[in-house]
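Residue numbers (full-length UniProt numbering): 1 to 49.
Backbone N, C-alpha and C fix where the C-beta goes; we use that ideal spot for every residue, glycine too.
Keep in mind it's a predicted model, so treat the numbers as computed, not measured.
Notes for the one structure printed next.
Laid out in structure tokens, this is it:
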């Protein structure tokens, strides 16, 4: 029972992480002073290249 619940939670956590990567790939940094370097592997999730 618990193994099934943890499996579902893991799938949900992975989906949420992917959505956060997609969102951060398409928005600018909120900090005015510094925008950190964007990972090259996340460039494939950008809508505009």
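In this structure, residue 4 keeps its C-beta atom at 7 Å or more from the C-beta atom of residue 25. CA-to-CA, the gap between residue 11 and residue 36 works out to about 28 Å.
Look at residue 15 here: in three-state DSSP terms it is helix.
Rounded to whole angstroms, the gap between the alpha carbons of residue 30 and residue 20 is 15 Å.
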